[in-house]
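Heads up: the sequence lines are chains A and B, in that order.
Anchor point for the first sequence: position 310 equals 1547 in my numbering, and the numbering is continuous, going up by one each time.
Anchor point for the second sequence: position 54 equals 61 in my numbering, and the numbering is continuous, going up by one each time.
Think of the CB as a built atom: it goes at the ideal place given N, C-alpha and C, for glycine as much as any other residue.
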Amino acid sequence: MADTLDFEAWTCPLPLRDYPRVVLGHGGGGKLSEEIVEHLFMPAFGNPTLNVLGDASLVELPPGQVAMTTDSFVVRPLFFPGGSIGELAVNGTVNDLAMAGAVPQFLTAGFIIEEGLEMATLGAIVQRMAAAARRADVQIVAGDTKVVERGHGDGLYINTSGVGVVPAGVARIGPDRARPGDKVIVSGTIGDHGIAVMSVREGLEFETVIETDCAPLAELAQSIVDNTGRVHVLRDPTRGGLAATLNEIARQSKVSIIVEERQVPVKPQVQAACELMGLDPWHVANEGKLVAIVAPEAADEVLAWLRAHELGRDAAIIGEVRADRAGMVATRTAIGATRVVPLPLGELLPRIC
Amino acid sequence: MKYLDEFRNADIAKKLAEDIHRTTTQPWAIMEVCGGQTHSIIRNGIDQILPSGIELIHGPGCPVCVTPLDVIDQALAIASQPNVTFCSFGDMLRVPGSSKDLFQVKSEGGDVRVVYSPLDAVKLAQQLPDRQVVFFGIGFETTAPANAMAVHVAKKQGLENFSMLVSHVLVPPAIAAIMTSPKNRVQAFLAAGHVCCVMGMHQYPALVERFHVPIVVTGFEPLDILEGIRRAVRQLEAGEARVENAYERVVTMEGNVPAQKMLAEVFEVADRAWRGIGTIPASGWRLSEAYRGFDAALRFDVSGIHTQESPLCHSGEVLQGALKPNQCPAFGKECTPRTPLGATMVSSEGACAAYYHYGRFRDAEPVTVA
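If you want it as structure tokens, here you go:
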């Protein structure tokens, strides 16, 4: 991806050009640290709060319950079709806040950089983070940089923590609040992100490029939550995919969830890639999709609201919540039989044949 | 999705199932040979729409499951060596040897890598001239041609740092072994479509004649499997035993001739131990004389490693169709995908794993949705 590594496209003042790669000193707290902050991080992230550069930032929050979350990002490769670790680091944390019904406000960003990472690569990722933060309407108000010796990291790890506020009056949302009779809605096609990353990581060449769905979900989530309490659960099915998310909800809410397999939206390219690798798209990660569990009478309206947003155009009602067999997720298969949807064990292993 | 949705059509599935119901007048035991078919049957719930008298016995056709513990331990010993880059298909990484698995070797510093093709391992050998690159060459006739090609290419290029730990097994001798077992209950076979795609069907008439057992070459999608079952039941009900091809869009009588030539050049037939079953004569391949120098077991001197199975594990009986996974006393208790006693609980194609993942516990009522 030549565009992501174009040093010229990145407006960096002079001093950093003496260091085409990150060296240990950039994390040492001295002159080099100051330069990387001043010339790389501040131009991208700068805002009145961050610009103070104090040991801690002071922020004001609007009224409402405060939501906090943290996540670390270790994706390899750093760039993949449709995104990079930068967008992931912002949207991952923004989405965790959004799934609590919160409006994300502030992020912190911690960088653990492997000595030798190209400065242009770091610059491009930081630019992408900044753009993602603007799109998600959050400010990055604190940060940290550490450099580890070559061979002791995988290029770049990013940790982001986030603070958001649940608007006053919004009814509580939680993974334990699914009720029998509720409808299960997914906001779009599943498996896009995991397959996008796998396609480049494993050197698989598909005829069409499958792009990540990485996107900030707060606006989409806010479009369906309100004071009526009709939305009971919101989750973003990241690692472990839709199957893991539904299993977690079923366990925490002590209900069962029955899904119509044919109603679950999957892009043909993603389905094809999964068939090829022996994977189940239900187990593959998403970074821009949400699962909403809503009161039955509100399902059609919520679906319409989701579809009205560009990130929810392919939203679909995929199943319903039941009282019996608490903790179980089952699906009606394409040929009309029924099976249990298991919690995936761990890493996705391509099958032998 | 084109070429897939057509073979998952609910209306046609219903019609096929109805035809099977109409045809069936007595109980029949049919074995699907391949683990991929087992997985598809359980994943799609195909057995749920069959007459109760039709029993599907899950066969030994999962390459991960039948690879003997000895060979896994040999792989672990090779992969643990500091100068070795050990390459494998993904689902072999979690298969337990007698003390650990390849994931643990990796976490202990071993260079273990997942590849999608043995030719990727050959490429690695070119890129890493100072390291010994070893590919774990297991599987049936399906994975064998690519493995043969990898060794062939390595030899042609004079790559001295490439070798293969070979544990290939063959379907027809396994069918013969099942039919001659005193415990055998199998009355018809669904042969593995992809094996026949490579090898053709000419090995089957002799088996049909010897054992008077119907063999229907069958694919992997729900409609393929239902059609295979339908044809097997028709033969059984008519008292016939023939080779039938229910996977005509892929399988021809002669199979893939260039692949067969490559196999004949690189491999030679040998006796093979099958995990949980025992040694079946002439049931596998090893590298032929001309390619023996690429045999990792010889190069790393691990062929002396012999180990014992857990006495709790009944995977052998499961693989022979004598026991359903959920009839094993350890199923779901001592033995789960997280703590597998045998390979049938590890591989996604293993019958035990399929039963476990899809909730086929013995005391569980069948899941039904109105």
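Item: Determine whether the beta carbon atoms of W281(B) and V73(B) lie at a separation below 9 Å.; Value: yes
Item: Let me check understanding here. Comparing Cα to Cα, which of R1488(A), T1307(A), V1566(A) and G1525(A) lies closest to I1395(A)?; Value: T1307(A)
Item: Tell me which residues of the region 49–60 of chain B have at least one Cβ-Cβ distance to chain A shorter than 9 Å, keeping chain order.; Value: I49, R50, N51, G52, I53, D54, Q55 and I56
Item: Do Q111(B) and T225(B) have their beta-carbon atoms positioned less than 9 Å apart in this structure?; Value: no
Item: Can you find the residues in the same chain that come closer than 7 Å, C-beta to C-beta, to K1498(A), ignoring five residues on each side of it along the sequence?; Value: Note that residue 1498(A) is Glu in the sequence shown, not Lys. Here the set comprises T1568, R1569, T1570 and A1571.
Item: At a CB-CB cut-off below 9 Å, which residues of chain A make contact with A109(B)?; Value: With the sequence shown as reference, residue 109(B) is identified as Leu, and Ala is not the correct amino acid for it. Correct list: empty, because the minimum Cβ distance to chain A is about 11 Å.
Item: Could you name the residues that DSSP lists as bridge partners for G323(B)?; Value: Looking at the DSSP assignment, G323(B) forms no beta bridge with any residue, so it has no partner.
Item: Which residue's Cα is closest to the Cα of A155(B): H321(B), R367(B) and R299(B)?; Value: R299(B)
Item: What three-state label does DSSP hand G200(B) in the structure shown?; Value: helix
Item: What does the alpha-carbon distance come out to for the pair T1482(A) and L1540(A)?; Value: 19 Å
Item: Does the beta carbon of D127(B) come closer than 9 Å to any beta carbon on chain A?; Value: yes
Item: Under the three-state reduction of DSSP, which class applies to E1557(A): helix, strand or coil?; Value: strand
Item: Nearest by alpha-carbon distance to T1345(A): which of E1534(A), R1472(A) and V1400(A) is it?; Value: V1400(A)
Item: Measuring alpha carbon to alpha carbon, tell me which residue in L1393(A), A1553(A) and V1531(A) is nearest R1414(A).; Value: V1531(A)
Item: Which ranges does the alpha helix (DSSP H) cover as unbroken runs of at least 4 residues, wholly within the region 1239–1326 of chain A, from first to last along the chain?; Value: 1268–1273, 1279–1282 and 1285–1288
Item: Looking at the C-beta of R15(B), does it have a partner C-beta in chain A at a distance below 9 Å?; Value: yes
Item: Would the region 1492–1507 of chain A and the region 1545–1559 of chain A be scored as touching if the rule is three or more Cβ pairs under 8 Å?; Value: yes
Item: Starting from E62(B), follow the alpha helix (DSSP H) in both directions and report where the run begins and ends.; Value: Per DSSP, E62(B) belongs to no alpha helix (DSSP H); it is in the beta strand (DSSP E), I61 to G68.
Item: Determine, for V1577(A), whether the minimum Cβ-Cβ distance to residues of chain B falls below 9 Å.; Value: yes
Item: Rounded to whole angstroms, what's the CA-CA distance from A1239(A) to I27(B)? Just pull it up for me.; Value: At A1239(A) the pLDDT is 40, less than 50, meaning the model places this residue with poor confidence and gives no usable figure here.
Item: With three or more C-beta pairs closer than 8 Å as the rule, is the region 1378–1392 of chain A touching the region 1277–1296 of chain A?; Value: yes
Item: Bridge partners for A1567(A) per DSSP, in chain order?; Value: I1495(A) and V1577(A)
Item: Do M1336(A) and S1398(A) have their C-beta atoms closer together than 9 Å?; Value: no
Item: If we call anything under 9 Å between Cβ atoms a contact, is P1518(A) one with G366(B)?; Value: no
Item: Verify the CB distance criterion: does A1509(A) have a CB-CB separation below 9 Å to chain B?; Value: yes
Item: Does H219(B) pass the burial test, meaning 16 or more other C-beta atoms within 10 Å, or should it be called exposed?; Value: exposed
Item: Tell me which residues of the region 225–256 of chain B have at least one Cβ-Cβ distance to chain A shorter than 9 Å, keeping chain order.; Value: P229, L230 and L233
Item: When the Cα of A1357(A) is compared with those of E1547(A), Y1256(A) and E1512(A), which residue comes out closest?; Value: Y1256(A)
Item: Can you tell me the Cα-Cα spacing of A1326(A) and C1451(A), whole angstroms?; Value: 10 Å
Item: Is it buried or exposed, H65(B), if we count other Cβ atoms within 10 angstroms and call 16 or more buried?; Value: buried
Item: Pick out whichever of R29(B), G104(B) and L63(B) has its Cα sitting closest to the Cα of G42(B).; Value: L63(B)
Item: Taking 9 Å as the CB-CB limit, is P373(B) close to chain A?; Value: Bear in mind that a pLDDT of 49 at P373(B), under 50, signals an unreliable position, so the number given afterwards is only what the model happens to contain. True, the Cβ-Cβ gap to chain A drops below 9 Å.
Item: Note the first and the last residue of the continuous alpha helix (DSSP H) segment covering K162(B).; Value: A151 to K163
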